[in-house]
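Residue numbers (this note's numbering): 20 to 706. Accompanying notes for the structure given below.
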């Protein structure tokens, strides 16, 4: 397996590769072999789930080659990967298949600047390598060898450099010693393997303490973001990199990094501050360094997965992104009904946003153009912006702008504008990071818009199914409340109703269809309509529930419902109630005494077609209060239902019967966290 891996990396011209195995019956790929890539850089992707947004997962799921020719394409297709590795490199991922079964996958990495596609020879090398590696994995599985590494994947050593002769070694030592400044060498893991006396002198450290150490660990003043960033960039892009860093108290050193397959050669000379990059000093107010930016962006990525609405996505993006990048303003925009919609903004005056909200979708607006093309725009001065879009007016007072496409499901769904109050350049690494970020925001915004649409639909459906207003009866005071469950769509099966029969009589119903979804809400509407219809023709409570039950059993919806129906005779001060599997109503007598009504509960509606629900009559004089409720008001994990009903009775006893609305608010405030819907109906006859 090691020789097959080394052969495909060498023959393809790639600088590194990773072999993944897919153990039988598992839903994740595991690294088993790494070549030419530092272990620390490969570690975040040691395990890749088959549904992760990663090239190797797509290659296995689609059973075909996945190819990304460079940083921009990576940022668009795989924003999370490009966010962590915003460097110029190309990647190919291919499934490793044997006997019709996917055994794993192979990932190969090339330096940046590749053509748009692999040539036929490279594709053949890749196919041949995958076949050989598939056979190796098959044989390992047949032997019963564990395909998933117990600890970490094996790492192939880099190719050994040619060993010089003694004379060549002497000449090389003299050559290096004569060069100005100093030199050192790093292995692929970043550890110092060789350092000249001149380099040690410039670094202000002992040679013995440097060899075998990471520079940013051995030298605290090198522990700044751009040092490790340039080392990573050199390894991944295989291109020379350079940076300057301050050795306290006042010596600036210049470093040049030259990578190859075995490590990095480093030239160190005295230098001057890099005027294009703010110094890495705490408290200077400079643009945040890469480590800070990555922290904010990764935190944003995790928080966006939890954002459930458009407003929350905008708030999370503004709160995380603007301080990370030093931006002073942000606008999220999307097309809506042929016009530009300002979805949310931060840092801009509301009046300015109103002028652009509902603007036509014309190409002379940068945000609209970016939506249409899917290509980001970066302008470091207003002159650059005006040259690209002559109709643009400099009215926001900003000095630099980035407009990024928000991509979801491979299509632009909007744009994100970032504005800077001071001059700002956008180096390639930052552009790639911003493009990656926009991909994350676009996916979150797409999910949030879908959630908002469902939530709006749910509320409209609930509003349509519950009574808009309750009828006014001259001899009855009424208060009602409905609270949706904290989970699901915000729509459920609880309902209440008050039915005016004539001047002296009325019907009151409350019920609960199992579930918290559209099916439950639809059945709730049918139950409420059936109860209302049977009550209107004057049927007594037991007949109302019996006829409604027959309707449900005929429909056979696969759901059950509880229900309580009360017939109120306000002239005779009497009431009659029947229950179908519903919690007992509570009655507060005129003397203040509270008790649950002892009514034999019938079966839930929808179980047995011929079941009957006994009815019980009770006195209901002026000053009494009848409380009808669903189980969401009293049920809670670990709480006995009888104790919960008794506690509700205590609230009813101490409430003011002349203020039913205040009493209803008290009930809802003391309800458990709504894991279930809550419906409440309070009734009190007038004197």
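Where a beta carbon is used, it is the ideal one built from N, C-alpha and C, also for glycine.
Collapsed DSSP secondary structure at residue i in the structure displayed
| i | result |
| --- | --- |
| residue 36 | strand |
| residue 551 | helix |
| residue 515 | strand |
| residue 533 | coil |
| residue 208 | coil |
| residue 155 | helix |
| residue 314 | Because the pLDDT of residue 314 is 46, which lies under 50, any placement of that residue in the model is unreliable, and the number read from its coordinates should be weighed accordingly. If DSSP states are grouped into helix, strand and coil, residue 314 belongs with the helices. |
| residue 410 | coil |
| residue 652 | helix |
| residue 149 | helix |
| residue 588 | strand |
| residue 524 | strand |
| residue 338 | helix |
7 angstroms CB neighbourhood of residue i in its chain, flanking five on each side removed
| i | result |
| --- | --- |
| residue 238 | 222 and 224 |
| residue 485 | 501 and 514 |
| residue 9 | Residue 9 cannot be examined here, being either before or after the span of the chain that is shown, 20 to 706. |
| residue 490 | 517 and 519 |
Alpha-carbon spacing of residue i relative to residue j, whole angstroms
| i | j | result |
| --- | --- | --- |
| residue 271 | residue 67 | 42 angstroms |
| residue 566 | residue 667 | 31 angstroms |
| residue 547 | residue 516 | 7 angstroms |
| residue 262 | residue 200 | 15 angstroms |
| residue 35 | residue 396 | 33 angstroms |
| residue 344 | residue 47 | 35 angstroms |
| residue 53 | residue 208 | 13 angstroms |
| residue 645 | residue 590 | 16 angstroms |
| residue 289 | residue 421 | 36 angstroms |
| residue 266 | residue 198 | 21 angstroms |
| residue 586 | residue 619 | 16 angstroms |
| residue 556 | residue 652 | 31 angstroms |
| residue 522 | residue 677 | 22 angstroms |
| residue 427 | residue 634 | 58 angstroms |
| residue 533 | residue 541 | 11 angstroms |
| residue 495 | residue 526 | 12 angstroms |
| residue 358 | residue 264 | 49 angstroms |
| residue 27 | residue 145 | 7 angstroms |
| residue 679 | residue 702 | 8 angstroms |
| residue 366 | residue 328 | 21 angstroms |
| residue 388 | residue 382 | 5 angstroms |
| residue 412 | residue 62 | 48 angstroms |
| residue 346 | residue 247 | 24 angstroms |
| residue 561 | residue 632 | 5 angstroms |
Strand pairing of residue i, partner residues [DSSP]
| i | result |
| --- | --- |
| residue 287 | 201 and 274 |
| residue 703 | 496 |
| residue 14 | An answer regarding residue 14 cannot be provided, because it is not within the stretch 20 to 706 covered by the chain. |
| residue 213 | 204 |
| residue 363 | 351 |
| residue 624 | 580 |
| residue 358 | 355 and 379 |
| residue 260 | 276 |
| residue 614 | 606 |
| residue 397 | 421 |
| residue 86 | 111 |
| residue 128 | 35 and 110 |
| residue 544 | For residue 544, which the question treats as bridged, DSSP gives no partner whatsoever. |
| residue 49 | 40 and 66 |
Proximal residues to residue i (C-beta, below 8 angstroms), its chain only, five neighbours per side dropped
| i | result |
| --- | --- |
| residue 155 | 20 and 23 |
| residue 121 | 41, 79, 82, 114 and 115 |
| residue 175 | 21, 24, 25, 52, 53, 54 and 55 |
| residue 219 | 201, 225, 226 and 229 |
| residue 538 | 576 and 578 |
| residue 493 | 522 and 705 |
| residue 136 | 86 and 88 |
Min CB distance residue i to chain B below 8 angstroms
| i | result |
| --- | --- |
| residue 120 | Absent here is chain B; the protein component of the structure consists of one chain. |
Neighbourhood of residue i by C-beta distance below 6 angstroms, restricted to the same chain and skipping five residues each side
| i | result |
| --- | --- |
| residue 444 | 399 |
| residue 609 | 640, 642 and 643 |
| residue 377 | 358 |
| residue 588 | 524 |
| residue 648 | 699 |
| residue 454 | 94 and 395 |
Contact between the stretch 685-705 and the stretch 652-662: three or more CB pairs below 8 angstroms?
-> Short answer: they touch.
Counting pairs of Cβ atoms below 8 angstroms between the stretch 99-109 and the stretch 140-157, do you hit three or more?
-> Flag = no, the stretch 99-109 and the stretch 140-157 do not touch.
Count the C-beta pairs between the stretch 184-196 and the stretch 60-77 that are closer than 8 angstroms, then say yes if the count reaches three, no if not.
-> Under the Cβ criterion (8 angstroms, minimum of three pairs), the stretch 184-196 does not count as touching the stretch 60-77.
Does the stretch 93-102 touch the stretch 451-467, meaning 3 or more C-beta pairs lie closer than 8 angstroms?
-> Short answer: they touch.
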